[in-house]
Amino acid sequence: MSMSRRDFGLGAAALALVGAAGLGYRHFFGRWYAPTPYDDLLHQITDRRPAAQLGTEAVRTMPGFEVPKLAVQLRQPGFTLSRARDDATAGRLTEVSGWVVPETVALYSALASQFT
Amino acid sequence: MSTAIDARTLPSGTVLTTDLAIIGGGPAGISLALALADSGHDILLLESGGTSFDDKSQSLYEGPQSGVAYTALDGGRLRFLGGSTNHWGGWCRPLDAMDFEKRDWVPHSGWPITRAALDPYYPKAQTLAEAGPWLYDRAEAQVNDTGPLIDLANGGVYTSWFQFSRTRGDVLPTHFGTRYQDDLNRAEKIKLLLHANVTGIKLAKAGGPVNQLELATLTEAGGADKRLTIKPRFVVLAAGGMENARLLLASNDVIKVGIGNQNDLVGRFFADNPIPRDTATMVLFGGAPASFYNNSLTLTNGPVLRATFAPTREFARAKHVLGSLTTVENPVRLDALGTAAVVATAQALGVDASNAKAYSLGCGMELQPDPDRRLTLTDQRDPLGMPRLKLNMTVSDSDFEGYRRTLTELGRQLLAARSGMIKLNYNTRAEWVASMDWGNHHFGTTRMSDDPKTGVVDADCKVHGVPNLFVAGSSVFPTTSANNPTLNLLALTLRLGDHLKQVMA
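Heads up: the sequence lines are chains X and L, in that order.
According to my numbering, the residues represented by the first sequence are 1 to 116, in order.
According to my numbering, the residues represented by the second sequence are 1001 to 1505, in order.
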């Protein structure tokens, strides 16, 4: 039995999909980032590239910025990225290069900027 | 029906008598004359220019400046019938009750009257400005079909409204000279004297009444020509926020410091509404706002509206901010950082920003009263022999800082509503000043106060210490608010008209 060129192509595509499912979607079709000790925090960010870009500027507003200290802060109960939804109501805002953003967004973005 | 008289056609040395001389044929002077047309008193309306622009007459306004860059003194006002309504934008909005109050965070604030004193006069003022039915903060119900308001969470900024003086044919908007000259001509008791430059207000004695006005005309070449005299029973100075001060200061033959200037207040506290451009970028996650935000909207029943963002009374008190009216201007493109800020924030908030649109914000601001922002006389003389004015213009850093707090609150409310966000574009004084235009609204130089030590005119707009001299126009405003002045000075002028009916009877 011989395999046609068409069958070979379909087979290769199927293999790739199985691989993607097994190894994680992001390894094949998204950006892949090296593992960090902070992935429990970074995985909350849907798209790390814009967050990192914002975070590079946000870090400038954070005197004495240190990743481990920031991570401790972000691992406090209730400090998930979704906290950003309540920041404005609570008056927790940060100005980053003029952009008025929720404090939580600025902090997670600052972390992303160190690992992206 | 009488027609306007050209003062240049009268013999030099002519003496005219009248019950009331109104100096200045701008919106205040014209409206006051018309308000008193049926009072039975003879009214002489003195306009320094003609019925159209003339550069020789306009050049009488020239003068030097110091301090913050500001519109040339002959550039922000017009010296012919209708005055500066010949180039106004037609923006109307009434003063708020708080604008009249003593605000403990605003030095020198507080009017001797309340908003209630003007309420009876606003309908007529609105009619004179041809701004349509009175809607303003009730306008929201009228625009439902056009689109929703931008969603703002509860907070210190609310959506408010401008109305516009109506466009009529080729007159855009109401130019008071063009619009009301026929009415002036039809009024039997009103005489309109054109090309009549008042050069002196003469007191009988210190503490006594005005008994004479000196007038001069210009030759075609712009030199001094004829000299005339007016003998009035009453005088209203309605020549604009700069020229009112100039005439009082220059009329110094009896009181050496100038009429009404015993406490060194005439010409001080000059103010205008700064109009900084592109103060902020507003991103709306859901896309373009309703058209009434960045364009005027004409309703089928007449009024022309535009939405604006204003600080609430509670926010102003709590955060010590002054008046401001923020407008949505042109669409803008975001840079890479801006796009990143929007994407990161929208994702964290759980909103779809794939249709987000960004807009530049503009503003009209209120300045803190400042006695050093001041008009003084110089040694230079114009062709009629009048000393020219000099302006020292100031803007304090706290004026910008206060407005920045208001913009930040607007951004907070957008985020809390998950409808958008903003970027503040200016940090430094230099950035603010570089972005600044001016409303060319001239306030404060003959400010109103019950106490002669803190004001030039009293609550009835009468000059302290002079029984028959009054001032009309925005020069009497002790504080400016962020609202454009024309509608408000019209209301105050109509109130003065009622007062004059009583005192002249």
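Idealized CB from N, CA, C, for every residue including glycine.
Bear in mind that the values here come from a model prediction, so they are computed numbers and not experimental data.
Apply the 10 Å Cβ neighbour rule to residue i and answer buried if 16 or more other Cβ atoms are within range, or exposed otherwise.
i, result
"Gln-1380 (chain L)", "exposed"
"Met-1 (chain X)", "Any reading at Met-1 (chain X) needs caution, since the residue's pLDDT is 48, under 50, leaving its predicted position unreliable; the model's value is listed next. Counting Cβ neighbours within 10 Å, Met-1 (chain X) comes out exposed, since fewer than 16 surround it."
"Leu-1305 (chain L)", "buried"
"Glu-1220 (chain L)", "exposed"
"Phe-1053 (chain L)", "exposed"
"His-1087 (chain L)", "exposed"
"Glu-1314 (chain L)", "exposed"
"Glu-1409 (chain L)", "buried"
Would you say residue i lies against chain L (beta-carbon separation less than 7 angstroms)?
i, result
"Ser-109 (chain X)", "yes"
"Pro-63 (chain X)", "no"
"Gly-98 (chain X)", "yes"
"Ala-88 (chain X)", "yes"
"Arg-85 (chain X)", "yes"
"Pro-50 (chain X)", "yes"
"Val-105 (chain X)", "yes"
"Thr-46 (chain X)", "yes"
"Val-101 (chain X)", "yes"
"Leu-74 (chain X)", "no"
"Gln-53 (chain X)", "yes"
"Leu-81 (chain X)", "yes"
"Leu-41 (chain X)", "no"
"Leu-70 (chain X)", "no"
I need the straight-line Cα distance from residue i to residue j, nearest angstrom please.
i, j, result
"Phe-1285 (chain L)", "Met-1393 (chain L)", "40 angstroms"
"Thr-1014 (chain L)", "Ile-1230 (chain L)", "8 angstroms"
"Tyr-38 (chain X)", "Leu-70 (chain X)", "10 angstroms"
"Ala-90 (chain X)", "Ala-1416 (chain L)", "9 angstroms"
"Thr-1051 (chain L)", "Thr-94 (chain X)", "56 angstroms"
"Phe-1269 (chain L)", "Gly-1076 (chain L)", "18 angstroms"
"Gly-1026 (chain L)", "Ala-1239 (chain L)", "7 angstroms"
"Gly-1444 (chain L)", "Ile-1150 (chain L)", "35 angstroms"
"Thr-56 (chain X)", "Leu-111 (chain X)", "9 angstroms"
"Gly-1021 (chain L)", "Leu-1032 (chain L)", "Going by the sequence as given, residue 1021 (chain L) is Ala instead of Gly. Taking the straight line joining both Cα atoms gives about 11 angstroms."
"Asn-1484 (chain L)", "Thr-1326 (chain L)", "13 angstroms"
"Ile-1030 (chain L)", "Ser-1296 (chain L)", "27 angstroms"
"Gly-1089 (chain L)", "Pro-1173 (chain L)", "7 angstroms"
"Leu-1496 (chain L)", "Tyr-1122 (chain L)", "13 angstroms"
"His-27 (chain X)", "Met-1436 (chain L)", "Unreliable positioning characterises His-27 (chain X) in this predicted model, as indicated by a pLDDT of 48, which lies under 50. The coordinate reading is nonetheless provided below. Answer to the nearest angstrom: the Cα atoms are 51 angstroms apart."
"Thr-1378 (chain L)", "Pro-1387 (chain L)", "6 angstroms"
"Arg-1227 (chain L)", "Tyr-1061 (chain L)", "19 angstroms"
"Phe-115 (chain X)", "Leu-41 (chain X)", "11 angstroms"
Hey, quick one: how far does the beta strand (DSSP E) through residue i stretch, first residue to last?
i, result
"Gln-1142 (chain L)", "Here Gln-1142 (chain L) belongs to no beta strand (DSSP E), and DSSP marks it neither H nor E."
"Gly-1267 (chain L)", "Here Gly-1267 (chain L) belongs to no beta strand (DSSP E), and DSSP marks it neither H nor E."
"Gln-1368 (chain L)", "Segment: none, Gln-1368 (chain L) is in no beta strand (DSSP E) and carries neither H nor E."
"Ser-1291 (chain L)", "Where Ser-1291 (chain L) is concerned, there is no enclosing beta strand (DSSP E), although the alpha helix (DSSP H) it sits in stretches over 1291–1294."
"Leu-1492 (chain L)", "It is not in any beta strand (DSSP E) - Leu-1492 (chain L) instead sits in the alpha helix (DSSP H) that spans 1486–1504."
"Val-1235 (chain L)", "1224–1237"
Any beta carbon from chain X within less than 7 angstroms of residue i's own beta carbon?
i, result
"Arg-1447 (chain L)", "no"
"Gly-1411 (chain L)", "yes"
"Ile-1422 (chain L)", "yes"
"Val-1343 (chain L)", "yes"
"Val-1284 (chain L)", "According to the sequence as given, residue 1284 (chain L) is Leu; it is not Val. So no, Leu-1284 (chain L) is outside the interface."
"Gln-1126 (chain L)", "no"
"Gln-1212 (chain L)", "no"
"Thr-1408 (chain L)", "yes"
"Gln-1512 (chain L)", "With chain L running from 1001 to 1505 in the structure shown, residue 1512 (chain L) is simply not present."
"Leu-1415 (chain L)", "yes"
"Ala-1356 (chain L)", "no"
Between which two residues does the alpha helix (DSSP H) harbouring residue i extend?
i, result
"Ser-109 (chain X)", "103–113"
"Pro-1123 (chain L)", "1122–1128"
"Pro-1027 (chain L)", "1027–1035"
"Asp-1182 (chain L)", "1176–1186"
"Trp-1432 (chain L)", "1429–1434"
Taking 6 angstroms as the cut-off, is the C-beta of residue i nearer than that to any heavy atom in the ligand HEM?
i, result
"Arg-1429 (chain L)", "This structure simply doesn't include the ligand HEM, nor any ligand for that matter."
Of all Cβ atoms in chain B, is any one closer than 7 angstroms to the Cβ of residue i?
i, result
"Ala-1340 (chain L)", "Annotation note: the requested chain B is absent from the structure, which comprises protein chains X and L."
Stretch pair the stretch 1199–1208 of chain L + the stretch 1326–1339 of chain L: three plus CB contacts closer than 8 angstroms: Result no; under three Cβ-Cβ pairs closer than 8 angstroms.
Given 8 angstroms, three or more beta-carbon pairs between the stretch 1060–1068 of chain L and the stretch 1150–1160 of chain L: Because the criterion of three Cβ pairs below 8 angstroms is not met, the stretch 1060–1068 of chain L and the stretch 1150–1160 of chain L do not touch.
Sufficient close CB pairs (3 or more, under 8 angstroms) joining the stretch 1134–1153 of chain L to the stretch 1349–1358 of chain L: No, they do not touch.
Stretch pair the stretch 1254–1264 of chain L + the stretch 1424–1434 of chain L: three plus CB contacts closer than 8 angstroms: No contact exists between the stretch 1254–1264 of chain L and the stretch 1424–1434 of chain L.
The stretch 1110–1120 of chain L / the stretch 1320–1331 of chain L touching (three or more Cβ pairs under 8 angstroms): Segments in contact, no.
Inter-stretch contact at 8 angstroms, needing at least 3 Cβ pairs: the stretch 1342–1352 of chain L / the stretch 44–62 of chain X: Using a C-beta cut-off of 8 angstroms, the stretch 1342–1352 of chain L makes contact with the stretch 44–62 of chain X, since at least three inter-stretch Cβ pairs fall below that distance.
Inter-stretch contact (C-beta, 8 angstroms, three-pair minimum) for the stretch 51–66 of chain X and the stretch 102–110 of chain X: The stretch 51–66 of chain X, when compared against the stretch 102–110 of chain X, does touch it at the 8 angstroms Cβ threshold.
Cβ pair count under 8 angstroms reaching 3, the stretch 1274–1281 of chain L against the stretch 1240–1253 of chain L: Proximity of the stretch 1274–1281 of chain L to the stretch 1240–1253 of chain L falls short of the contact definition, fewer than three beta-carbon pairs being nearer than 8 angstroms.
Touch test, the stretch 1466–1486 of chain L against the stretch 1100–1109 of chain L, Cβ-Cβ under 8 angstroms, three pairs minimum: Flag = yes, the stretch 1466–1486 of chain L and the stretch 1100–1109 of chain L touch.
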